[in-house]
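**Q** Got a structure here, written out as structure tokens. Questions coming.
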Amino acid sequence: MASTAKKSRITKHKKQTRPLDSVEEEPSRVKDPGGYRFGIELEFLMSAKGSDNQLQTGESLRQHLVQKWNQKMKNELGFIPMESGYSTPGYAKWRLVSEFPLENYSQGKWPLEIVSPIFYYRDIDNWQKCIFLVVGFFVNHAELEMSKECAFHIHVSPAEGEWDLVWLKRISMAICVLEERLNGVHSIDKRVQEKFCRSNFQSNPLLQERSREKLASSIYDCKTVEELVDIINANPGEDGQRSYAWNFTGISTDEKHTRRQNNTLEYRIPRATTEMTTIIKWIVFAVTFVHASVTGVESTYQDAENDPDGVDGFLMENRPPGGTDSLCWECYKAV
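What the sequence shown shows, in the working numbering, is residues 377 to 711, in sequence order.
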């Protein structure tokens with residue numbers, strides 16, 4: 377919970393100032409998404425433990441761990457079945473899949489990714505139990521290695537329905553305007569950043585170094601979701617359109633944008649971890665940032681750009697619904 381000193385800093389952010397440029401939609405027209413859903417992906421270099429370490433392929437390791445999970449954990453509180461690969465549609469189960477983009481892994485270590493089912497953000501106790509159970513299982517039953525390239529991705533979507541174009545424009549603007557301030561608190565290898573989670577603003581050939589006015593015009597002049605995706609995730613070539621800090625390609629219906637449409641915005645900066653407190657904080661940060669970007673009518677980006685406490689105010693004054701106030705969602709300072 378925020379301290380008294382923190383609260384006193386927040387108060388100054390309650391200005392009747394619109395956070396975006398004059399091309400912003402009128403606040404009265406920006407409807408509230410009404411809650412959020414999310415899913416996570418955790419990448420590790422894995423091998424089996426003990427007598428199971430004779431498994432020779434990533435596929436055999438996947439099958440082995442999935443079978444063990446479904447047998448041993450089925451009676452545990454928070455259990456959700458797991459499958460190997462994408463054998464069934466939808467996101468009702470955990471999945472263990474191969475993650476081929478990971479490089480430089482040790483012999484006998486296989487690049488695998490744990491993909492979660494979809495959770496409702498407001499169901500705090502439920503998703504924490506489910507994630508805690510699966511992370512604990514892999515810690516106990518597999519050897520996990522985390523290279524610099526191993527990441528933790530969070531996918532966010534509205535609780536019901538699809539993303540509104542107005543919401544997406546506001547989120548895009550917030551990402552660009554607050555990027556430099558938030559980059560100062562992310563510890564990430566530069567080579568990894570440019571390969572897997574490049575800057576949506578400064579590494580974007582269509583937006584970099586644009587003035588606030590031109591940036592706002594570029595974003596708010598978009599007439600379709602697909603047009604916005606082509607701007608906020610400008611394609612640098614070699615199928616790199618997904619590889620931005622915030623990946624919008626999953627919301628597009630255009631086949632050129634995504635391998636798998638899932639109606640989510642993907643936050644790609646965090647590194648892989650088995651620490652539950654860190655996992656929870658990144659989830660809360662991603663959802664809070666999205667919600668604050670959509671609904672933060674009374675916040676000011678100017679304060680957030682120039683003052684670290686301004687980012688606190690931007691987030692703390694615009695928490696998402698669902699009773700998550702008690703969580704420490706100032707996670708960008710804690711990880």
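Even for Gly, the Cβ is constructed at its ideal location relative to N, Cα and C. All values derive from a computational prediction rather than experimental measurement.
On the premise that Tyr497 lies in contact with Tyr663, defined as a C-beta separation below 8 angstroms, what is that separation, rounded to the nearest angstrom?
**A** Note that residue 663 is Val in the sequence shown here, rather than Tyr. Contact holds; Cβ gap of about 5 angstroms.
**Q** For Glu519, name the three-state secondary structure that DSSP assigns.
**A** Residue state, collapsed to three classes: strand.
**Q** Buried or exposed, going by whether 16 or more other CB atoms sit within 10 Å of the CB of Gln578?
**A** Flag for Gln578 reads exposed.
**Q** Return the bridge partner residues of Ile416 from the DSSP annotation.
**A** DSSP lists Ile530 as partners of Ile416.
**Q** Pull up the CB-CB distance for Phe514 and Trp503, whole angstroms please, since I reckon it's below 8 angstroms.
**A** Actually they do not touch by this definition, with Cβ atoms about 17 angstroms apart.
**Q** Identify, in the order they occur along the chain, each residue of the same chain with its Cβ nearer than 8 angstroms to the Cβ of Trp470, setting aside the five sequence neighbours on each side.
**A** Excluding residues within five positions, the ones whose Cβ falls inside 8 angstroms are Trp445, Ile456, Pro457, Met458, Glu459, Ile490, Val491, Ser492, Pro493, Val510.
**Q** Counting Cβ pairs closer than 8 angstroms, one from the stretch 516-532 and one from the stretch 542-550, do we hit at least three?
**A** No, they do not touch.
**Q** Could you tell me if Leu453 is buried or exposed, where buried requires 16 or more neighbouring beta carbons within 10 angstroms of its beta carbon?
**A** Answer is exposed; the Cβ neighbour count stays below 16.
**Q** Using the DSSP secondary-structure output, state which residues sit across from Met422 in a beta bridge.
**A** According to DSSP, Met422 bridges with Trp486, Leu520.
**Q** I believe Leu582 touches Ala610 by the beta-carbon criterion, under 8 angstroms. Please report the beta-carbon distance rounded to the nearest angstrom.
**A** Indeed they touch by this definition, with Cβ atoms about 4 angstroms apart.
**Q** Please check the pair Tyr643 and Pro534, which I expect to be a contact at CB under 8 angstroms, by giving their CB distance rounded to whole angstroms.
**A** So it is not a contact: roughly 15 angstroms between Cβ atoms.
**Q** Taking the alpha helix (DSSP H) that Trp445 falls in, what are its first and last residues?
**A** Taken as a continuous stretch (DSSP letters only), the alpha helix (DSSP H) holding Trp445 covers 434-448.
**Q** Using the three-state DSSP reduction, which class does Trp503 fall into: helix, strand or coil?
**A** It is helical.
**Q** With a cut-off of 8 angstroms on the beta carbons, I'd call Glu419 and Ala527 a contact; round off their distance for me.
**A** So it is a contact: roughly 5 angstroms between Cβ atoms.
**Q** Quick one: what's Leu472 bridged to in DSSP?
**A** According to DSSP, which records beta bridges pairwise, Leu472 is partnered with Ser460, Ile490.
**Q** Straight-line CA distance for Glu603 to Ser628?
**A** Roughly 9 angstroms separates the two Cα atoms.
**Q** With DSSP collapsed to three states, give me the class of Asn451.
**A** It is coil, neither helix nor strand.
**Q** Return the chain-ordered list of same chain residues with a C-beta closer than 7 angstroms to the C-beta of Gln617, the five sequence neighbours on each side being excluded.
**A** So the list reads Asn609, Asn611, Thr625, His633, once near-sequence residues are dropped.
**Q** Considering only the alpha carbon of each residue, which of Met449, Gln447, Val442, Pro696 lies closest to Ser463?
**A** Among Met449, Gln447, Val442, Pro696, the Cα nearest to that of Ser463 is on Val442.
**Q** By the 10 Å Cβ neighbour count, where 16 or more other Cβ atoms means buried, how is Thr433 classified, buried or exposed?
**A** It counts as exposed.
**Q** Using a 10 Å radius around the Cβ and a threshold of 16 neighbouring Cβ atoms, would you call Asn451 buried or exposed?
**A** Its Cβ having fewer than 16 others within 10 Å, Asn451 is exposed.
**Q** To the nearest angstrom, how far is the alpha carbon of Leu488 from that of Leu421?
**A** Leu488 and Leu421: Cα-Cα distance of roughly 6 angstroms.
**Q** Rounding to the nearest angstrom, what Cα-Cα distance links Gly512 and Gly426 in this structure?
**A** Roughly 17 angstroms separates the two Cα atoms.
**Q** Round the Cβ separation of Ser523 and Lys571 to the nearest angstrom and send it over; I've been treating them as touching at under 8 angstroms.
**A** Wrong, their Cβ atoms sit about 13 angstroms apart, outside the cutoff.
**Q** Nearest to Lys599 by alpha carbon, out of Cys552, Asp540, Asn576, Val553?
**A** For Lys599, the nearest C-alpha among the options comes from Asp540.
**Q** Compute the Euclidean distance between the alpha carbons of Asn639 and Met692, then round it to the nearest angstrom.
**A** Distance between the alpha carbons of Asn639 and Met692: 26 angstroms.
**Q** Let's see if you can read the secondary structure: which residues bound the alpha helix (DSSP H) around Leu582?
**A** Taken as a continuous stretch (DSSP letters only), Leu582 belongs to no alpha helix (DSSP H), as it is neither H nor E.
**Q** Would you call Lys407 buried or exposed, if buried means 16 or more other Cβ atoms sit within 10 Å of its Cβ?
**A** Label assigned to Lys407: exposed.
**Q** Excluding the 5 residues flanking Met449 on each side, which residues of the same chain have their C-beta closer than 7 angstroms to its C-beta?
**A** Excluding sequence neighbours, Met449 sits near Phe455, Leu509, Phe513.
**Q** Enumerate, from N- to C-terminal direction, the unbroken alpha helix (DSSP H) stretches of 4 or more residues contained entirely within the stretch 624-672.
**A** You should have 652-671.
**Q** Name the two residues that bound the continuous alpha helix (DSSP H) containing Asp606.
**A** Note, Asp606: alpha helix (DSSP H), 601-608.
**Q** Taking 8 angstroms as the cut-off, decide whether the C-beta atoms of Gly410 and Glu536 are in contact.
**A** Result yes, Cβ atoms of Gly410 and Glu536 sit closer than 8 angstroms.
**Q** Whose CA, out of Trp543, Ala648, Lys657, Glu556, lies closest to the CA of Glu521?
**A** It is Ala648 whose Cα lies nearest to the Cα of Glu521.
**Q** What does the alpha-carbon distance come out to for the pair His529 and Pro646?
**A** Approximately 7 angstroms between the Cα atoms of the pair.
**Q** Drop a sphere of 10 angstroms on the beta-carbon of Glu400, count the other beta-carbons inside from all chains shown, and report buried for 16 or more, exposed for fewer.
**A** Note that Glu400 has pLDDT 48, beneath the 50 cutoff, so the model's placement of it is unreliable and no number is given.
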